[in-house]
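Colleague:
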């Protein structure tokens, strides 16, 4: 478990160093995702995919992701400092969230289906 | 040694990380239990319940957010490694990507900017303040990435966290009736749309409906997090 956590932190640290060092406008943990994916691919290639999919890093990742909701809470409680901002913009917020969510679902599923159908001979879809 | 009077004890505990850390985790566990009892109804969201309860406790005890965050920052810190951890489900779904590469890339290339531009566009039209507009941009992305993006483009991170959760719940409630109404039976497409639009909460919902949908939703959540992190500064970087 400790080794897995170390690898996750090391990938995030390397991501922060790359993002800030090069002045990239990308969150460090996002570069960390790319780095960890590369490490897993390397491990899978050397020792077989099963070792990358069930090794210590995967176990630590599964543990964190199973409780993903918890880590949003401290930031979310910060809403207590922004009542005024929300009340003043309530209508715009609700309209933007509802309309955008419905439209995004439709656009994403529509494009996925359209491109699937355009592909020749690739439609044994249930 | 004499016993500490109750008031002095409270003064000590109210400023110690121990109290707020324990309360946050305990409330979250209780909220998870409630969600389970509701049959995991998407509206009974443990994250939302915990935020509401903690805000009420802070209000009732007159505790400042800064004091609370001193304790809760140990949990907040885990946002980073939990985000990096998304590489693992992404690696596990690499075969799905190969099989459906073109539909995935097309849906991502159009869906990721659409999620940001539709929300921010509507907010601008309705005259929302700039901090609100920028906080809305990463609303379809899992909170760990969204909070980082909000910081970078000048949106309010705490507001973003709440908007992300609201979007997740909305998407999870709407997706099944909407897809049924549109008569779309392709569970890969349905799941991908759910994960792209409403990240982890949509993915959890997709897994309850269909395992193929769940796998594609998890994939969409990770890919949209990456795509939005790259696109948001390009689109909104001008404002900061």
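Protein chains in written order, with the working numbering: chain A, 213 to 338; chain B, 2 to 241.
Virtual Cβ for every residue (Gly too), placed ideally from N, Cα, C.
Owing to the predicted nature of the structure, the values given are computational and were not obtained by experimental measurement.
Can you list, in chain order, the residues of the segment 169 to 194 of chain B whose Cβ is nearer than 9 Å to any Cβ on chain A?
Modeller: The residues in question are 171, 172, 175, 176, 179, 180, 183, 185, 186, 187, 188, 189, 190, 191, 193, 194.
Colleague: Using a C-beta to C-beta distance shorter than 9 Å, which residues of chain A count as neighbours of residue 209 of chain B?
Modeller: The contacting residues do not exist; residue 209 of chain B stays about 16 Å from chain A at best.
Colleague: Where do the ends of the alpha helix (DSSP H) carrying residue 259 of chain A lie?
Modeller: Unbroken alpha helix (DSSP H) run through residue 259 of chain A: 240 to 259.
Colleague: Using Cβ-Cβ distances below 8 Å, what residues of the segment 281 to 306 of chain A are close to chain B?
Modeller: Within the segment 281 to 306 of chain A, the qualifying residues are 281, 282, 283, 284, 285, 286, 287, 288, 289, 290, 291, 292, 293, 294, 297, 298, 300, 301, 303, 304, 305.
Colleague: Would you give the residue range spanned by the alpha helix (DSSP H) that residue 291 of chain A belongs to?
Modeller: Note, residue 291 of chain A: premise wrong, no alpha helix (DSSP H); not H, not E.
Colleague: Below 6 Å CB to CB, which residues in the same chain sit around residue 338 of chain A once its five sequence neighbours on both sides are set aside?
Modeller: Its pLDDT being 47, under 50, residue 338 of chain A is placed unreliably by the model, and the measurement read from it follows with that caveat. For residue 338 of chain A, where only same-chain residues beyond five positions count, there are no Cβ hits under 6 Å.
Colleague: Within 6 Å: the Cβ of residue 61 of chain B and any heavy atom of the ligand PLP?
Modeller: As presented, the structure is devoid of all ligands, the ligand PLP included, so that no description of it is given.
Colleague: Please check if any C-beta of chain B sits within less than 7 Å of the C-beta of residue 268 of chain A.
Modeller: Answer no: the Cβ-Cβ gap between residue 268 of chain A and chain B never drops below 7 Å.
Colleague: With DSSP collapsed to three states, give me the class of residue 337 of chain A.
Modeller: Any reading at residue 337 of chain A needs caution, since the residue's pLDDT is 49, under 50, leaving its predicted position unreliable; the model's value is listed next. Note: residue 337 of chain A maps to coil in three-state DSSP.
Colleague: Measuring only the C-alpha atoms, how far is residue 231 of chain B from residue 8 of chain B?
Modeller: Residue 231 of chain B and residue 8 of chain B: Cα-Cα distance of roughly 51 Å.
Colleague: In three-state DSSP terms, what is residue 17 of chain B?
Modeller: Coil.
Colleague: At 7 Å on the CB atoms, spell out the chain A contacts of residue 87 of chain B, in chain order.
Modeller: Residues of chain A passing the Cβ test: 245.
Colleague: Please state whether DSSP places residue 114 of chain B in a helix, a strand or coil.
Modeller: Residue 114 of chain B: helix per DSSP, three-state reduction.
Colleague: Could you check whether the Cβ of residue 329 of chain A sits closer than 7 Å to any Cβ belonging to chain B?
Modeller: By this cut-off, residue 329 of chain A is not an interface position.
Colleague: Determine, using beta carbons only, whether residue 255 of chain A comes closer than 7 Å to chain B.
Modeller: No, its Cβ sits nowhere closer than 7 Å to a Cβ of chain B.
Colleague: With a threshold of 7 Å between beta-carbons, can residue 263 of chain A be considered close to chain B, or not?
Modeller: No, no contact with chain B.
Colleague: If I measure Cβ to Cβ from residue 176 of chain B and keep anything under 6 Å in the same chain, skipping five residues before and after, which residues do I get?
Modeller: Same-chain partners within the cutoff: 195.
Colleague: What span of residues does the alpha helix (DSSP H) with residue 187 of chain B cover, start to end?
Modeller: Segment: none, residue 187 of chain B is in no alpha helix (DSSP H) and carries neither H nor E.
Colleague: Using a cut-off of 9 Å between C-beta atoms, extract the partners of residue 7 of chain B located in chain A.
Modeller: Going along chain A, no residue has its Cβ under 9 Å from residue 7 of chain B, so there is no contact; the nearest lies around 26 Å.
Colleague: With a Cβ-Cβ cutoff of 7 Å, do residue 307 of chain A and residue 129 of chain B count as a contact?
Modeller: Their beta carbons are not under 7 Å apart, which means residue 307 of chain A does not touch residue 129 of chain B by this criterion.
Colleague: List the whole-angstrom C-beta distance separating residue 149 of chain B from residue 241 of chain A, where the pair is believed to meet the contact cut-off of C-beta under 8 Å.
Modeller: Contact flag correct, Cβ pair sits at about 6 Å.
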